[in-house]
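Visitor: Sharing a structure with you now.
In the working numbering, the protein residues as written are 9 to 376.
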């Protein structure tokens with residue numbers, strides 16, 4: 009005799025809720041970032057425009073003794089880099105400084121630090137982008153005619169923000185390629201100046217070595233401190249890196265060492281080929297060095313290098329900030345929607361959309 013098997017209430021509820029579970033938004037970030045991406049992000053986030061322009065400011069305050077400033081700054085950079093390396097080895101999760109603060113001091117201090125980091129990072133990125141456009145105009149004045157200069161700056165600024173956020177949306181691998189291109193181009197320009205300029209150094213430019221009080225060495229360091237900011241860059245993507253606790257610390261320390269050496273060599277070469285009075289009054293001494301070493305085209309190439317290095321810093325913020333927003337949302341310090349990860353590209357796409365709107369707003373405020 010055929011009869012229907014009765015379905016229990018528990019089975020019925022399970023069947024009804026199953027489709028809901030299948031439609032649940034993805035919130036897990038996959039480990040897709042490799043060594044190249046970590047390296048590119050670290051270089052881009054740390055290599056500021058100070059490598060191109062800082063030597064002039066330092067020389068104005070400390071003269072040739074500003075080389076000591078570069079040595080001290082390099083030592084500080086490596087020390088802080090080692091601190092961040094230790095932290096990311098202990099806590100290889102999305103969030104960077106927010107996660108470190110949470111593990112060390114609890115949720116309320118991490119709430120303050122997390123939001124301050126996100127807000128200040130994006131505000132600073134908008135300011136940096138405006139500075140980058142100014143450097144580009146300085147290098148290629150004929151491309152930006154006076155009547156249309158401001159309009160072209162706004163259009164170009166908006167385009168760069170949309171492009172950077174779109175690449176970030178497409179995945180961490182795409183972001184790594186973009187950051188790699190920006191970093192490699194900037195580093196190659198710096199290396200070209202050092203390699204070519206080391207043979208043109210005039211040793212007489214270093215005498216007298218300390219024309220001012222030794223205290224001015226530390227005053228000069230104050231104006232150079234932002235040259236190597238960005239130690240925390242790669243820590244925000246540590247959750248997306250296989251063996252992050254091993255890879256990121258090594259990359260971070262080596263980048264700190266190499267950039268510190270490169271900064272000292274740039275200071276030495278610029279001091280050696282540009283007279284002190286000219287160097288002290290130069291806004292972008294690397295451009296002056298480009299003209300001396302490579303002719304009129306050299307200044308344009310260096311100007312492009314400054315532009316690319318600053319855009320690289322902006323791009324690193326665009327890549328890392330959505331991960332910080334994701335970490336905040338996971339801990340219920342922002343709306344839950346920001347935890348959602350794109351099923352195809354594996355990126356926190358709603359956080360990226362929110363960031364894009366905020367960055368555009370900051371850019372408009374900056375232009376006004």
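All residues carry an ideal CB built from backbone N, CA and C; glycine is no exception.
Please look up how many angstroms separate the CB atoms of residue 57 and residue 275, rounded, as I've assumed it's under 8 Å.
Guide: Actually they are not in contact, since the Cβ atoms of residue 57 and residue 275 sit about 14 Å apart, beyond 8 Å.
Visitor: Would you identify the three-state DSSP class for residue 319, choosing helix, strand or coil?
Guide: helix
Visitor: Going by Cα to Cα distance, which pick from 87, 72, 248 and 224 is closest to residue 236?
Guide: 87
Visitor: By the DSSP assignment, the alpha helix (DSSP H) with residue 69 in it spans what residues?
Guide: 58-70
Visitor: Do residue 125 and residue 105 come within 9 Å of each other at the CB atom, strictly closer than that value?
Guide: yes
Visitor: Write down the C-beta distance between residue 130 and residue 329 rounded to the nearest angstrom, noting that I regard them as a contact closer than 8 Å.
Guide: 6 Å
Visitor: Taking the continuous alpha helix (DSSP H) assigned at residue 113, which residues delimit it?
Guide: 105-113
Visitor: Strictly by DSSP, which residues pair up with residue 193?
Guide: According to DSSP, residue 193 bridges with nothing at all.
Visitor: With the cut-off set at 9 Å, would you say residue 70 and residue 233 are in Cβ contact?
Guide: no
Visitor: Considering residue 286, what are the terminal residues of the alpha helix (DSSP H) in which it resides?
Guide: 284-288
Visitor: Could you check which residue in 92, 168 and 177 has the C-alpha nearest to that of residue 318?
Guide: 168
Visitor: Checking the sheet assignment: what are the DSSP bridge partners for residue 249?
Guide: 41
Visitor: Check residue 21 in the structure and name its three-state DSSP category.
Guide: Residue placement at residue 21 is poorly supported in this model, since its pLDDT is 43, which falls under 50; the coordinates are not used for a value here.
Visitor: Taking only three categories from DSSP, how would you classify residue 173?
Guide: Residue 173: helix per DSSP, three-state reduction.
Visitor: State buried or exposed for residue 356, treating a residue as buried only when at least 16 other CB atoms are found within 10 Å of its CB.
Guide: buried
Visitor: Measuring straight from C-alpha to C-alpha, what distance separates residue 229 and residue 261?
Guide: 21 Å
Visitor: Answer with buried or exposed for residue 363, where buried requires no fewer than 16 other C-beta atoms within 10 angstroms of its C-beta.
Guide: buried
Visitor: Find the nearest neighbour of residue 202 within the set 139, 298 and 146, judged by alpha-carbon distance.
Guide: 298
Visitor: Note down, in chain order, each residue of its chain lying with its Cβ closer than 8 Å to the Cβ of residue 166, except the 5 sequence neighbours on either side.
Guide: 368 and 371
Visitor: Would you check if the segment 174-189 and the segment 47-55 touch, i.e. whether three or more CB-CB distances between them fall below 8 Å?
Guide: yes
Visitor: So residue 136 and residue 326 are supposed to be a Cβ contact under 8 Å. How far apart are they, rounded?
Guide: Between residue 326 and residue 136 the Cβ distance is about 11 Å, and since that is not below 8 Å, they are no contact.
Visitor: Quick check on this structure: which residue in 178, 120 and 72 has the alpha carbon closest to the alpha carbon of residue 361?
Guide: 178
Visitor: Tell me the start and end of each unbroken alpha helix (DSSP H) in the segment 212-269 that is at least 4 residues and wholly inside, in chain order.
Guide: For the segment 212-269, whole alpha helix (DSSP H) runs of length 4 or above, ordered along the chain, are 223-232.
Visitor: Could you give the first and the last residue of the continuous alpha helix (DSSP H) run that contains residue 349?
Guide: Unbroken run through residue 349: none, as it is neither H nor E.
Visitor: Residue range of the alpha helix (DSSP H) that residue 299 falls in?
Guide: 293-302
Visitor: Please report how far the alpha carbon of residue 67 lies from the alpha carbon of residue 198, in whole angstroms.
Guide: 19 Å
Visitor: If residue 60 and residue 310 are in contact, beta carbons under 8 Å, what's the gap, nearest whole angstrom?
Guide: 7 Å
Visitor: Can you name, in chain order, every residue of its own chain whose Cβ lies under 7 Å from the Cβ of residue 46, other than the five neighbours on each side?
Guide: Cβ neighbours of residue 46 beyond the five flanking positions: 242, 249, 255, 256 and 259.
Visitor: Does the CB of residue 137 have a neighbour CB from chain C at under 9 Å?
Guide: The structure shown contains no chain C; it is built from a single protein chain.
Visitor: How would you write the range of the alpha helix (DSSP H) that residue 93 sits in, first residue to last?
Guide: 74-98
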